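Using the numbering used here, you'd call the opening residue of the sequence shown number 9 and step up by one each time.
Glycine included, each C-beta is placed from N, C-alpha and C at the ideal position.
The structure presented is a predicted model; accordingly, all values stated were derived computationally and were not measured.
Okay, so here's the structure we're looking at.
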Amino acid sequence: MSKDRVLLITGPSGAGKSTVAEEWANAHGENAVQLSLDSFREFVKSGFRDPGNGWNDETQRQLDLARANIAAVASNYSEADFQVVVDDAVFPNWDEVGIERWREALSPLEIDLVALLPSWDAVLERNAARASDRKLPEAMLRTIYDDMSGWRRYSDVNVIDNSEFTVAQTLAEIERLLTI
């Protein structure tokens with residue numbers, strides 16, 4: 009992957025976005041960085057708005073700010089010859105958290121989008137294994153999962169069903185898809 013591109017990994021909660029992004033960065037020599045939108049959002053210590061507790065103008069503002077900060081950091085790393093991977097829950101049919109917002113923020117860097125879409129059963133199992141403060145209620149998880157499934161309708165999006173894949177197998181599939 010050239011350094012004027014950013015790998016953006018998305019998928020529902022429990023898809024393995026952060027784990028795969030971290031391992032992708034670890035596997036790409038000495039010049040690769042992982043930027044997680046959740047980590048940037050959680051820099052806010054006082055006044056943090058968790059999207060899981062409802063969406064409002066302040067939640068959107070904090071998300072937009074985190075995205076803008078990641079874009080600035082990604083640009084700086086890219087200019088310093090680092091490969092960049094970002095993990096975020098990017099929704100195919102929700103403009104406020106959609107891919108176009110990322111394209112605008114990251115321009116002129118190009119995006120290679122990979123959607124990890126494991127089976128519903130795999131998502132449930134992974135959610136159950138999470139720390140209690142990271143688990144999502146099943147109804148919310150289902151809504152996110154169903155919305156994310158929309159990525160399957162886009163021919164220009166690299167979709168991976170990583171239900172049965174190890175992290176290493178998922179990384180190999182990402183590499184295969186990005187070299188096609």
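Note down the Cα distance separating aspartate 155 from glutamate 112, rounded to an integer number of angstroms. Those two C-alpha atoms are separated by around 22 Å.
In three-state terms, what does DSSP make of threonine 151? Looking at threonine 151 - three-state DSSP - the assignment turns out to be helix.
Alpha helix (DSSP H) runs wholly inside the stretch 119–149, at least 4 long, in chain order: With a minimum length of 4 residues, the continuous alpha helix (DSSP H) runs that stay inside the stretch 119–149 are 128–136.
When the Cα of leucine 15 is compared with those of Ala23, Ser44 and Gly55, which residue comes out closest? Cα-wise, what sits closest to leucine 15 is Ser44.
Taking isoleucine 152 and proline 20 to be in contact with their CB atoms under 8 Å, please state how far apart those CB atoms are, rounded to whole angstroms. Indeed, because the Cβ distance is near 5 Å, the residues count as touching under 8 Å.
Taking 8 Å as the threshold (C-beta atoms), are asparagine 166 and alanine 123 in contact? Against a cut-off of 8 Å, the Cβ pair of asparagine 166 and alanine 123 comes out as a contact.
Contacting residues, own chain, Cβ-Cβ under 6 Å from glutamate 30 (five flanking each side not counted): When the five nearest sequence neighbours on each side are left out, the beta carbons in the same chain lying within less than 6 Å of the beta carbon of glutamate 30 are those of Gln42, in order along the chain.
With DSSP as the reference, identify every bridge partner of leucine 114, one or two as the case may be. Answer is none; leucine 114 lacks a bridge partner.
Quick check on alanine 97: does DSSP put it in helix, strand or coil? DSSP, reduced to helix, strand and coil, places alanine 97 outside both helices and strands of the structure shown, so it counts as coil.
Could you check where the beta strand (DSSP E) with valine 41 kicks off and where it finishes? Secondary structure note for valine 41: its beta strand (DSSP E) is the uninterrupted segment 40–44.
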